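*Asks:*
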Amino acid sequence: MTRSPERRSLFVALMLIAALVSVAFVAPWAANVRQSIRPQLPLFVVVLATITGVGQLVTGVVEGLGKRGGWSAAALPMALGISAMCMALSFLPGAPGTVPRLLPILGAAFFAVTAAVLQHRARERSEP
Amino acid sequence: MKHRMALAAIAASALIIGACGERDDEGGRYSTEPVTRGPNSVASGMHYTTIGIAAVRDPHTGQLLKVAPAPSASTNASGSVVAATGTGEAMQFPFTSPGLAKTGGTSVVSFTDDANHHHVLALLYAGIGGPPAAIQHYVDGSLVSTSAYTWQKTSTGWLRTHSLIQVVRHGTLYGTYTTNTVPSKGGGGGGGGSGPAQPVRFDHAPAAGPLQQMIGRVAYGLAFALAPQDASAQSEILVGPCRQDFLKYSAAAAIVVGITITIGEAPLLTPLLISQLISAIALLAGTEDLLLDCVVGHMQMVGSSGGSGGGRSQPPPAICLQGSFAPQCSTPFTL
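And the structure:
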């Protein structure tokens, strides 16, 4: 089991990388990169998010129906699974100009934050 | 809305080629309705002769064939295309017309028509200002036409002396239409009127809901009153144009943060968590891409003022995001 400070470093590193990459996208020289990956991004998100979402949902069902399970054990993976499925839904084809859809993204954000809260509370409960 | 339609009329003024007998029927919307007829038009007291040459793609050979002025079955061109070839109309924009720029720069106009198709017009203004020197027209993200114009400043407005319009469908050049306007030798016929040539008008009803029309009228009126010659008039004052994209980007960022926190708090790092983070980052990249396109597309970038025919204003690289006029951007049918 990894110690907490290392996880915090991991969290900080991931956030820094995400921020730097986001800012790098704004640079003029990144326009070509954006144009080249633009057609593949929706496909990538739909496929990966669907697989992840299904995996999390099945994990949630299995843990929830387990002997020591119950809703508390299922809540975290179900929240992550719903968040992932919402991400996939947002990029499914629709009327021109509406993709990605706002409501599924908001739903994904809600469930992602919910999952973070659940995980945080689970860790606090497990600490002595 | 009138502002958008006037600018759409510039691009669509000779898009009658789109009405020719090709596969799709989208070209039918790009018809032009010149107000005055006759081979010689009058602008600022002078007579001009405009020659139009249309070329349409032969579906069998893929070659562009010039359309003869007389109806011809061999080119399979529609009557409006045939009628536009030969002598045509001189087009002039009075100085009081909306959409004229004072200096060089770029502008992007977008709207959704009554068939729910999203139109984007990317306009490039030459350093001396005036009407757009080049326009790219996108429908639902696909390039459908590119236009280039040469304008001559007269005492009453901007006279179009040369134009080239290319019609594109699914990445294939389907037709071109060129016009060349020269002063007539000697006095022209009929009328003797010395008024400016009538501007091309788009006679179709505005394709927008009542609320959009009201917003458009208010915005247009305010923009015209506050900056009548400013080509950067915004058509959305009550509602920000990038609000939706901003919300999507913010929500995507929240997803990334939430999953990152979950990873940080989790006792074990599982492959599902990693793949969820990757897909969240990809979603963030996609929404950021849309937000940047929206913000850049609505920014009014003015090039350096080069004086009267002075320095050339360097087009900012951001215009490559909306299609290209500049040589450094790679896009088909660059003018």
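Protein sequence lines, in the order shown, are assigned to chains V and A. Read in order, the letters of the first sequence correspond to residues 1 to 128 in our numbering. Read in order, the letters of the second sequence correspond to residues 1 to 335 in our numbering. Here a beta-carbon is modelled for each residue, glycine too, at the ideal position from N, C-alpha and C. These numbers were taken from a predicted model, which means no experiment stands behind them.
Give me the Cα-Cα distance between VAL120 of chain A and ALA79 of chain V, rounded to the nearest whole angstrom.
*Replies:* So the alpha carbons of these two residues sit roughly 39 angstroms apart.
*Asks:* Between the beta-carbon of THR52 of chain V and the beta-carbon of GLN276 of chain A, is there less than 8 angstroms?
*Replies:* A contact, by the Cβ cut-off of 8 angstroms.
*Asks:* Quick check on ALA126 of chain A - is its C-beta less than 8 angstroms from some C-beta in chain V?
*Replies:* Not an interface residue.
*Asks:* What does the Cβ neighbour count give for HIS170 of chain A, buried or exposed, with the cut at 16 atoms within 10 Å?
*Replies:* When all chains shown are included, HIS170 of chain A counts as exposed.
*Asks:* Here's the rule I'm using: 16 or more other beta-carbon atoms within 10 Å means buried, otherwise exposed. How should ALA31 of chain V be labelled?
*Replies:* Its Cβ being crowded by 16 or more others within 10 Å, ALA31 of chain V is buried.
*Asks:* Identify, in the order they occur along the chain, each residue of the same chain with its Cβ nearer than 6 angstroms to the Cβ of LEU283 of chain A, setting aside the five sequence neighbours on each side.
*Replies:* Here the set comprises ALA252.
*Asks:* Where do the ends of the beta strand (DSSP E) carrying THR260 of chain A lie?
*Replies:* It is not in any beta strand (DSSP E) - THR260 of chain A instead sits in the alpha helix (DSSP H) that spans 243–265.
*Asks:* Quick one: residues in its chain with C-beta nearer than 7 angstroms to the C-beta of SER184 of chain A, no 5 flanking neighbours on either side, listed in chain order?
*Replies:* Around SER184 of chain A: ASN40, HIS47, TYR48, THR49.
*Asks:* Give me the chain A residues within the contact set of PRO42 of chain V, using Cβ-Cβ distance strictly less than 8 angstroms, ordered along the chain.
*Replies:* Simply GLY286.
*Asks:* Could you name the residues of chain V that ASP113 of chain A contacts, counting a contact when the two beta carbons are closer than 9 angstroms?
*Replies:* Here the premise fails: no neighbours, minimum Cβ distance about 11 angstroms.
*Asks:* Any C-beta of chain V sitting closer than 8 angstroms to the C-beta of ASP289 of chain A?
*Replies:* Output row for ASP289 of chain A: interface = yes.
*Asks:* Within the same chain, show all residues whose beta-carbon is closer than 6 angstroms to that of PRO77 of chain V, passing over the 5 residues directly before and after it, in chain order.
*Replies:* Excluding positions up to five away in sequence, the list reads GLN56, THR59, GLY60.
*Asks:* Thinking C-beta only, is THR176 of chain A closer than 8 angstroms to ILE165 of chain A?
*Replies:* Cβ atoms of ILE165 of chain A and THR176 of chain A: closer than 8 angstroms.
*Asks:* List the residues of chain V that VAL256 of chain A touches, going by C-beta distances under 7 angstroms, in chain order.
*Replies:* Ordered by position in chain V, the residues that pass the 7 angstroms Cβ test against VAL256 of chain A are ALA18.
*Asks:* Can you name, in chain order, every residue of its own chain whose Cβ lies under 6 angstroms from the Cβ of GLY157 of chain A, other than the five neighbours on each side?
*Replies:* Within the same chain, GLY157 of chain A has close Cβ partners GLN92, PHE93, PRO94, PHE95, PRO196.
*Asks:* Ignore the nearest five residues each way along the sequence and tell me which others in ALA101 of chain A's own chain have a CB closer than 7 angstroms to its CB.
*Replies:* Same-chain partners within the cutoff: TYR125, GLY129, GLY130, ALA231.
*Asks:* Should GLN63 of chain A be flagged as near chain V, meaning a C-beta pair shorter than 8 angstroms?
*Replies:* No, no contact with chain V.
*Asks:* Give the interface partners of GLY55 of chain V over in chain A, defined as CB-CB distance under 7 angstroms, in chain order.
*Replies:* Per Cβ cutoff of 7 angstroms: LEU272.
*Asks:* Please report the Cβ distance between ALA49 of chain V and MET87 of chain V, rounded to the nearest whole angstrom; I am assuming they are in contact, meaning their Cβ atoms lie under 8 angstroms.
*Replies:* So it is a contact: roughly 4 angstroms between Cβ atoms.
*Asks:* Which word fits GLY323 of chain A, buried or exposed, when buried means at least 16 other C-beta atoms lie within 10 angstroms of its C-beta?
*Replies:* Low confidence applies to GLY323 of chain A: its pLDDT is 49, below 50, so where it sits in the model is not reliable, and the reading given next is rough at best. Counting Cβ neighbours within 10 Å, GLY323 of chain A comes out buried, since at least 16 surround it.
*Asks:* Are the Cβ atoms of GLU265 of chain A and ARG123 of chain V separated by less than 8 angstroms?
*Replies:* Contact: yes.
*Asks:* When you compare only the Cα positions, how much space is there between THR112 of chain A and GLY297 of chain A?
*Replies:* The straight-line gap from Cα to Cα measures roughly 16 angstroms.
*Asks:* Identify which residue in V:MET15, V:PHE110, V:ARG68 has its Cα closest to the Cα of GLY81 of chain V.
*Replies:* Out of V:MET15, V:PHE110, V:ARG68, V:PHE110 has the C-alpha closest to the C-alpha of GLY81 of chain V.
*Asks:* Could you name the residues that DSSP lists as bridge partners for ASN180 of chain A?
*Replies:* ASN180 of chain A is bridged to A:ILE51, A:HIS162.
*Asks:* Any chance the region 278–293 of chain A sits against the region 92–107 of chain V, with 3 or more Cβ pairs inside 8 angstroms?
*Replies:* The answer is yes - the region 92–107 of chain V touches the region 278–293 of chain A, with three or more Cβ pairs under 8 angstroms.
*Asks:* Answer yes or no: does any C-beta atom of chain V fall closer than 8 angstroms to that of THR260 of chain A?
*Replies:* Yes, its Cβ sits closer than 8 angstroms to a Cβ of chain V.
*Asks:* Give the secondary structure of LEU65 of chain A by DSSP, where H, G and I count as helix, E and B as strand, and everything else as coil.
*Replies:* Note: LEU65 of chain A maps to strand in three-state DSSP.
*Asks:* For SER83 of chain V, which option in V:ALA112, V:LYS67, V:SER90, V:SER36 has the closest C-alpha, if you only look at C-alpha atoms?
*Replies:* It is V:ALA112 whose Cα lies nearest to the Cα of SER83 of chain V.
*Asks:* Can you give the Cα-Cα distance for ILE17 of chain V and ASP58 of chain A, rounded to whole angstroms?
*Replies:* Using only the alpha carbons, I get a separation of about 53 angstroms.
*Asks:* Give the range of the alpha helix (DSSP H) segment to which THR59 of chain V is assigned.
*Replies:* Where THR59 of chain V is concerned, the enclosing alpha helix (DSSP H) stretches over 40–65.
*Asks:* Would you tell me roughly how many angstroms separate the C-alpha atoms of ALA73 of chain V and LEU106 of chain V, rounded to the nearest one?
*Replies:* Those two C-alpha atoms are separated by around 24 angstroms.
*Asks:* How many Å lie between VAL168 of chain A and VAL62 of chain V at the Cα?
*Replies:* Spanning the two alpha carbons is a distance of roughly 54 angstroms.
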